[in-house]
Amino acid sequence: MKSLLDEYQKTKEFLVCIDSDGCAIDTMDIKHIKCFGPCMVKEWHLEEWQEAILKSWNDVNLYTLTRGINRFKGLETALVEVNEKYRKIEGLDTFVKWVNETTELSNESLERELENVKNICLKKALDWSIAVNKCIDELSEDDKKPFEGVKEALAEVSQYADVAIVSSANRKAVEDEWSKSSLLEHVNIVMTQDIGVKSYCIEKLIEKGYSKDKVLMVGDAVGDLKAAQKNGVMFYPIMVKKETYSWKRFISEVIPSLVEGRYGKELEERYINEFKENLTK
Ligand SMILES: [Mg+2]
Numbered sequence: 006m007k008s009l010l011d012e013y014q015k016t017k018e019f020l021v022c023i024d025s026d027g028c029a030i031d032t033m034d035i036k037h038i039k040c041f042g043p044c045m046v047k048e049w050h051l052e053e054w055q056e057a058i059l060k061s062w063n064d065v066n067l068y069t070l071t072r073g074i075n076r077f078k079g080l081e082t083a084l085v086e087v088n089e090k091y092r093k094i095e096g097l098d099t100f101v102k103w104v105n106e107t108t109e110l111s112n113e114s115l116e117r118e119l120e121n122v123k124n125i126c127l128k129k130a131l132d133w134s135i136a137v138n139k140c141i142d143e144l145s146e147d148d149k150k151p152f153e154g155v156k157e158a159l160a161e162v163s164q165y166a167d168v169a170i171v172s173s174a175n176r177k178a179v180e181d182e183w184s185k186s187s188l189l190e191h192v193n194i195v196m197t198q199d200i201g202v203k204s205y206c207i208e209k210l211i212e213k214g215y216s217k218d219k220v221l222m223v224g225d226a227v228g229d230l231k232a233a234q235k236n237g238v239m240f241y242p243i244m245v246k247k248e249t250y251s252w253k254r255f256i257s258e259v260i261p262s263l264v265e266g267r268y269g270k271e272l273e274e275r276y277i278n279e280f281k282e283n284l285t286k
């Protein structure tokens with residue numbers, strides 16, 4: 006079974022962990038451009054400043070170093086900016102306090118907070134988050150395709166390495182998206198939010214007997230890099246707007262150097278610098 010960590014056994018010397026959203030599957034842009042930003046404009050009636058607000062939303066959540074941050078942190082950043090530049094956001098301080106003090110940034114946690122605290126911004130944040138989920142559910146299957154080159158990359162790397170999906174999305178969405186594109190056949194185990202955060206997932210996999218210098222995390226956000234660094238394993242970035250190029254390079258440069266033991270600090274540093282530069286324009 007692909008999901009059962011307890012029963013999982015390593016079959017190869019190498020382990021390649023791959024993030025899903027915005028890394029293997031082209032879902033990040035569409036979710037933010039069609040759902041997250043527009044739902045916020047609608048919830049807070051910000052149509053008047055829509056263009057600038059959506060641009061800023063996409064910069065924060067997709068195209069800069071904060072790419073991939075939690076939705077409520079993204080919302081906090083956006084609402085603070087709206088409050089400063091365009092219109093006062095009622096109840097904002099209480100929402101900002103919740104974002105920074107809660108132990109869990111989720112709809113469930115926000116619902117619990119609302120049982121104790123009556124605040125319009127908290128309520129709107131929950132309604133927005135629910136609307137976003139509905140919007141994402143309604144996206145067509147054609148909007149959730151893998152990036153070009155992913156299937157070939159998985160077919161190639163799975164000859165030498167066990168492949169794990171390491172994602173903070175929910176299991177069903179990830180398994181659906183990967184199986185519809187026939188990617189799951191190259192995957193040994195699926196590690197999603199039900200198991201834990203990414204760094205914890207990597208840690209649990211390492212415990213199955215991989216040597217840290219034979220483990221590589223592939224991701225598209227700084228959070229993925231941090232999860233790799235926390236575990237002392239290697240990282241390879243899939244760069245936003247250069248995903249096809251990144252996956253082609255994974256096949257031509259990364260797999261050979263990994264297998265031949267040449268994927269060291271020097272090469273990794275070059276890729277990471279390029280990755281960060283790509284997120285700071
Ligand atoms: Mg990602």
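Residue numbers (the working numbering): 6 to 286.
We treat Cβ as the ideally placed atom computed from N, Cα and C, and that holds for glycine.
Between H37 and L84, the beta carbon gap of about 16 Å keeps them out of contact (Cβ cut-off 8 Å). Linking W133 to A29 through their CA atoms gives a straight-line distance of about 27 Å. Our two residues, F19 and E212, have alpha carbons roughly 13 Å apart in a direct line. Residues whose Cβ lies closer than 7 Å to any heavy atom of ligand 1, listed in chain order: D24, S25, D26, G27, C28, M33, G73, G224, D225, A226, D229.
Under the DSSP assignment, V21 falls in the beta strand (DSSP E) whose first and last residues are 19-23. Assigned with DSSP and collapsed to three states, A169 falls in strand. Listed in chain order, the non-local C-beta contacts of F255 below 6 Å within the same chain comprise A158, local neighbours out to five positions each way being set aside.
The beta carbon of K209 is closer than 8 Å to those of L10, M196, I200, G201 in its chain, skipping five residues each way along the sequence. Here the C-alpha atom of A233 lies approximately 24 Å from the C-alpha atom of S111.
If you ignore the 5 residues before and after E52, its C-beta comes within less than 8 Å of the C-beta of V46, all in its own chain and listed in chain order. The straight-line gap separating the alpha-carbon atoms of A130 and I23 is approximately 31 Å. Per the C-alpha coordinates, the member of E113, I194, V87 positioned closest to E12 is I194.
When the five nearest sequence neighbours on each side are left out, the beta carbons in the same chain lying within less than 7 Å of the beta carbon of G237 are those of K217, in order along the chain.
Look at G73 here: in three-state DSSP terms it is coil, with no helix or strand label.
Its chain contains L284 as the residues whose beta carbon lies nearer than 6 Å to that of T69, once the 5 sequence neighbours on both sides are disregarded; these appear in chain order. In this structure, the beta-carbon distance from D142 to I35 does not fall below 7 Å. Counting along the chain, the unbroken alpha helix (DSSP H) around V104 starts and ends at 97-106.
Counting the other Cβ atoms within 10 Å of the Cβ of E118 gives 16 or more, which makes it buried.
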